[in-house]
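S.K.: Quick one: the structure is below, and I'll ask about it shortly.
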Amino acid sequence: MFTRIIPPLLSLYCAALLSSPPACAQQDALRLTSLEWSPYVTKTLPGDGMTASIVRTAAQTAGLRTEISYFPWSRAVQDGLNSEQFDGYFPAFYLKEREKDCYFSGSLGNSIIGFASLSDTHFDWENLKDLKKYKIGTVHEYANGEVFDAMVRQKQLLVDSAPSDISNLRKLLAKRVDVIVIDKWVYKSLLISDHSLGPEKQNIVFHPKELTQFSMHICFQRNAKGQAKQKAFNAGLEKLQVKKMETQYFQQLQLSASESVWEISKSQAKF
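Number 182 in UniProt numbering belongs to position 182 of the sequence shown; there are no gaps in the numbering.
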């Protein structure tokens with residue numbers, strides 16, 4: 001579905017390569033672990049996803065080639081931090097307490113967490129106490145901000161846990177929950193790419209007030225090798241405009257999805 005967006009995205013890599021002669025040598029590798037988390041990191045999108053594309057471009061600019069190995073999240077963290085085969089894992093949310101475990105890269109962008117609801121419910125909120133009257137869909141073991149998570153643990157909020165974001169969107173459409181917690185880019189990506197949601201997905205809206213946001217990073221192993229890779233990578237990352245790259249990447253996803261729908265419509269019209 002997304003093959004058409006590869007050429008525009010490659011222009012991002014080429015710009016970085018042309019401005020950085022050492023990248024052509026590719027004498028060393030940046031070996032990272034990750035999980036499938038579309039559109040940030042996934043084998044189904046060009047460059048392994050939006051955040052992975054930023055990682056690849058920054059690494060290329062620093063003269064490194066990027067190798068990504070996919071695992072369930074717990075193993076990605078464990079192997080990324082401890083295995084000699086790897087240099088680190090991503091995307092890691094920055095938390096102060098994690099600094100004792102790894103060296104953080106510069107920011108790869110932000111995960112903006114907010115609420116999605118059906119437009120006809122007219123959902124609105126100003127503070128977390130306003131959420132007590134709603135049944136809220138969450139994803140099992142996802143962090144949604146310290147205060148929100150604390151209220152959930154204290155049973156001050158009524159939540160219904162699901163195994164994935166797409167499951168939550170389906171529950172929302174079925175009106176089994178009033179509102180769901182979801183990452184803004186994940187929300188947009190699923191509405192574009194997952195046709196199983198049907199035409200009713202047009203009724204889903206994302207509330208402008210964010211719940212929280214997390215800065216995303218590579219968590220490099222806390223040893224001499226990890227520190228050296230961190231410094232090299234950060235030098236390349238500093239030359240990039242991360243927000244601009246995110247916007248361009250997502251625009252290409254939207255364009256590709258629109259072209260795919262148009263091609264399917266033309267094909268069906270022949271019969």
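We put the beta carbon where it would ideally sit given N, CA and C, even for glycine.
Note that the structure is a prediction, hence the values are computed from the model and not measured.
What residues in its chain sit with their C-beta under 6 angstroms from that of Leu255, if we drop five residues either side in the sequence?
M.R.: As a position in the sequence shown, residue 255 is number 255, starting the count at 1. Excluding residues within five positions, none has a Cβ falling inside 6 angstroms.
S.K.: Leaving out five residues on either side along the sequence, give the residues of the same chain with a beta carbon under 6 angstroms from the beta carbon of Ser189.
M.R.: To locate residue 189, count along the sequence shown from 1; it is residue 189. By the criterion of a C-beta distance shorter than 6 angstroms, Ser189 is surrounded in its chain by Ser38, Pro39, once the five residues flanking it on both sides are discounted.
S.K.: Which whole-angstrom value is the C-beta distance of Gly114 and Lys184, which I expect to be below 8 angstroms?
M.R.: Indexing the sequence shown from 1 puts residue 114 at position 114. Indexing the sequence shown from 1 puts residue 184 at position 184. That pair is a contact at about 6 angstroms.
S.K.: Verify whether the separation of the beta carbon atoms of Val205 and Ser119 is less than 7 angstroms.
M.R.: Within the sequence shown, residue 205 is the residue found at index 205, counting from 1. Within the sequence shown, residue 119 is the residue found at index 119, counting from 1. Yes; because the gap between Cβ atoms is below 7 angstroms, this pair is in contact.
S.K.: Indicate whether Leu32 and Ile68 have their beta-carbon atoms separated by less than 7 angstroms.
M.R.: Position 32 of the sequence shown, counted from the first residue, corresponds to residue 32. Position 68 of the sequence shown, counted from the first residue, corresponds to residue 68. It is a contact, given that the beta carbons lie within the stated cut-off.
S.K.: Enumerated in chain order, which unbroken segments of the beta strand (DSSP E) with a length of 3 residues or greater are wholly contained in the region 118-195?
M.R.: 135-139, 158-162, 179-183
S.K.: Just the Cα atoms here: how many angstroms apart are Gly80 and Met216?
M.R.: In the sequence shown, counting from the first residue as 1, residue 80 sits at position 80. In the sequence shown, counting from the first residue as 1, residue 216 sits at position 216. When rounded, the distance between both Cα atoms is 15 angstroms.
S.K.: Start and end of the beta strand (DSSP E) containing Phe233?
M.R.: What you label residue 233 is simply residue 233 of the sequence shown in a count that begins at 1. Not the beta strand (DSSP E): Phe233 falls in the alpha helix (DSSP H), residues 224-237.
S.K.: State the Cα-Cα distance for the pair Ala235 and Gln202, rounded to the nearest angstrom.
M.R.: As a first step, residue 235 is located in the sequence shown; it is residue number 235 there, counting from the start. As a first step, residue 202 is located in the sequence shown; it is residue number 202 there, counting from the start. Approximately 42 angstroms between the Cα atoms of the pair.
S.K.: Classify Asn82: buried if its beta carbon has 16 or more other beta carbons within 10 angstroms, exposed otherwise.
M.R.: Your numbering for residue 82 matches position 82 in the sequence shown. It is exposed - the Cβ of Asn82 has fewer than 16 other Cβ atoms within 10 Å.
S.K.: Short of 7 angstroms in beta carbon distance, which residues of its chain neighbour Val77, apart from the five on each side in sequence? Order them along the chain.
M.R.: Against the sequence shown, residue 77 aligns to sequence position 77. Contacts found: Tyr89.
S.K.: Using the Cβ count rule (16 or more neighbours within 10 Å means buried), how would you classify Gln268?
M.R.: Along the sequence shown, read from residue 1 onward, the residue named residue 268 stands at position 268. Only weak support exists for where Gln268 lies, its pLDDT of 41 falling under 50; the coordinates are left without a value.
S.K.: If you reduce the DSSP assignment to three classes, tell me which class Thr66 lands in.
M.R.: Along the sequence shown, one-based indexing puts residue 66 at 66. Of the three classes helix, strand and coil, the one that applies to Thr66 here is strand, per DSSP.
S.K.: Among Arg170, Leu108, Trp125, whose alpha-carbon lies nearest the alpha-carbon of His207?
M.R.: As a first step, residue 207 is located in the sequence shown; it is residue number 207 there, counting from the start. When only C-alpha atoms are compared, the closest one is Trp125.
S.K.: Would a C-beta distance cut-off of 7 angstroms place Met50 and Glu246 closer than the cut-off?
M.R.: Translated into positions along the sequence shown, residue 50 becomes position 50. Translated into positions along the sequence shown, residue 246 becomes position 246. Closer than 7 angstroms, so yes.
S.K.: Going by C-alpha to C-alpha distance, which of His122, Pro163, Val159 sits closest to Lys132?
M.R.: To locate residue 132, count along the sequence shown from 1; it is residue 132. Relative to Lys132, the option among His122, Pro163, Val159 whose CA is nearest is Val159.
S.K.: In this structure, how does DSSP classify Asp79 when only helix, strand and coil are distinguished?
M.R.: Within the sequence shown, residue 79 is the residue found at index 79, counting from 1. Helix, per DSSP.
S.K.: Strictly by DSSP, which residues pair up with Ile112?
M.R.: Indexing the sequence shown from 1 puts residue 112 at position 112. DSSP output for Ile112 lists Gln213 as bridge partner(s).
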